[in-house]
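Residue numbers (this note's numbering): 8 to 320. Just so you know, even glycine gets a beta-carbon here, dropped at the ideal spot from N, CA and C. The block underneath contains the structure these notes are about, expressed in structure tokens.
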């Protein structure tokens, strides 16, 4: 079983709904081949087969149902979760899905999480690295973490596409090339500084893109947290190794090797970032693990055994 934990579906009706609620950036997701049309699905399955990928876990971020208005957030969350659940029911041998939550509305998020996991049979939940300019580690979200922890469930964290909140990224055409992994890095460090991984040890946090820049910064964080953030409950490297990271690295072997050496091969799960890595890039997203020079047993874990274990399959 070869599971890709970083893949997306966006239909025009969902994106139209978000536009109607005030989103202005859905053009990035339109026309990418990530819809549910017959031809799109056939081409997607053929691509998966060409790379030996048996399943994808679908997630909606960065187009998440995060709205200031609770009614809008809930309606959008239920819409995308119902759509994803139907997709999994239609193709159960190819897809699983992470539920989207109507954050920042914690009470509504808890109710939708229960519905998604108990009634819709989803594989966990997902959220963006920040929610309407609030940290993913905001104390207001801790009831959601507590429920995921109680269930030993997955929380998949994906960049919001907000340029890490700085115009120095967003206004210079850097939102996705460097902004996304910077958002990953910030979100993981926020979770670590808040002690989320140790206080909710049964919640399985999966971060995107090899953890962003964290593999290169982990020793620096260990060396400096004591004076800069002395309230941090444990060493950043210890907390980081409580989490998991998808292997999306655009085929850059040094980045993959840095993540494996920093976190351990048992903490890396296969990811492709479909549809943004498609064609040969998609195949490379899988093949570069095999051809990275990692010991074969480590590559096999990343490709074939870590994700089923984390997902409880």
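Can you tell me whether residue 28 is helix, strand or coil according to DSSP?
Position 21 of the chain shown holds residue 28. Looking at residue 28 - three-state DSSP - the assignment turns out to be coil, as it is neither helix nor strand.
Residue 187 beta carbon less than 8 Å from that of residue 168:
On the chain shown, position 161 is the one that residue 168 refers to. On the chain shown, position 180 is the one that residue 187 refers to. Their beta carbons are under 8 Å apart, which means residue 168 touches residue 187 by this criterion.
Would you mind sorting residue 236 into buried or exposed? The rule is 16 or more other CB atoms within 10 Å of its CB.
Along the chain shown, one-based indexing puts residue 236 at 229. Residue 236 is exposed by the Cβ-count criterion.
By alpha-carbon positions, which one of 301, 180, 136 ends up nearest to residue 212?
Numbered from 1 along the chain shown, position 205 holds the residue referred to as residue 212. Of 301, 180, 136, the residue nearest in Cα terms is 136.
With residue 102 as the anchor, note down where its beta strand (DSSP E) starts and where it stops.
By one-based count along the chain shown, residue 102 stands at place 95. Unbroken beta strand (DSSP E) run through residue 102: 102-104.
Out of 220, 131, 268, 251, state which residue places its alpha-carbon closest to the alpha-carbon of residue 185.
The sequence position of residue 185 within the chain shown is 178, counting from 1. Per the Cα distances, 220.
Where do the ends of the beta strand (DSSP E) carrying residue 11 lie?
For the purposes of this step, residue 11 is identified with residue 4 of the chain shown, where counting begins at 1. Residue 11 -> beta strand (DSSP E) spans 10-14.
Opposing strand residues paired with residue 251 [DSSP bridges]:
If you number the chain shown from 1, residue 251 lands on position 244. Beta-bridge pairing links residue 251 to 213.
Where does residue 138 sit, in a helix, a strand or coil, going by DSSP?
For this step, residue 138 is matched to residue 131 along the chain shown. Strand.
Using the three-state DSSP reduction, which class does residue 143 fall into: helix, strand or coil?
Against the chain shown, residue 143 aligns to sequence position 136. In the structure shown, residue 143 sits in coil (DSSP, three-state: anything other than H, G, I, E or B).
How would you write the range of the beta strand (DSSP E) that residue 60 sits in, first residue to last?
Here residue 60 corresponds to residue number 53 of the chain shown, with the count starting at 1. Per DSSP, residue 60 belongs to no beta strand (DSSP E) and is neither H nor E.
Going by DSSP, what residue range makes up the alpha helix (DSSP H) through residue 81?
For the purposes of this step, residue 81 is identified with residue 74 of the chain shown, where counting begins at 1. First-last of the alpha helix (DSSP H) with residue 81: 77-97.
In whole angstroms, what is the alpha-carbon distance linking residue 9 and residue 160?
The residue given as residue 9 occupies position 2 in the chain shown. The residue given as residue 160 occupies position 153 in the chain shown. Near 20 Å, if we compare the C-alpha coordinates of residue 160 and residue 9.
Who are residue 107's beta bridge partners in DSSP?
Position 100 of the chain shown, counted from the start, is the residue given in the question as residue 107. According to DSSP, residue 107 bridges with 133.
Where the alpha helix (DSSP H) containing residue 295 begins and where it ends
Here residue 295 corresponds to residue number 288 of the chain shown, with the count starting at 1. Here the alpha helix (DSSP H) through residue 295 covers 287-297.
Applying the 10 Å Cβ sphere with the 16-neighbour rule, what's the burial state of residue 61?
Taking the first residue of the chain shown as 1, we reach residue 61 at position 54. It counts as exposed.
Between which residues of its own chain and residue 299 is the CB-CB distance below 6 Å, once the five residues before and five after are set aside?
If you number the chain shown from 1, residue 299 lands on position 292. Here the set comprises 260, 263.
Measure the C-alpha to C-alpha separation of residue 228 and residue 145 and round it to an integer number of angstroms.
Here residue 228 refers to the residue found at position 221 when the chain shown is read from its first residue. Here residue 145 refers to the residue found at position 138 when the chain shown is read from its first residue. When rounded, the distance between both Cα atoms is 21 Å.
Just checking, does the stretch 267-276 make contact with the stretch 293-309 on the three C-beta pairs under 8 Å criterion?
yes
Specify the secondary structure class of residue 165 as computed by DSSP and reduced to three states.
Taking the first residue of the chain shown as position 1, residue 165 is located at position 158. The answer is strand: DSSP assigns residue 165 an E or B state.
Three or more C-beta pairs under 8 Å: does that hold for the stretch 70-85 against the stretch 107-123?
yes
Take every Cβ of the stretch 198-215, pair it with every Cβ of the stretch 241-251, and state whether three or more of those distances are shorter than 8 Å.
yes
Cβ-based burial, residue 15 [other Cβ within 10 Å; buried from 16]
Residue 15 sits at position 8 when you count from the first residue of the chain shown. That one is buried.
Between which two residues does the alpha helix (DSSP H) containing residue 264 stretch?
Against the chain shown, residue 264 aligns to sequence position 257. Looking at the DSSP string, the run of the alpha helix (DSSP H) that includes residue 264 is 260-270.
Top-ranked residue by Cα proximity to residue 12, from 287, 94, 102
Within the chain shown, residue 12 is the residue found at index 5, counting from 1. Ranking the options by Cα distance to residue 12, first place goes to 102.
Could you compute how far the alpha carbon of residue 181 sits from the alpha carbon of residue 301?
To locate residue 181, count along the chain shown from 1; it is residue 174. To locate residue 301, count along the chain shown from 1; it is residue 294. Looking at the two C-alpha atoms, the distance is approximately 31 Å.
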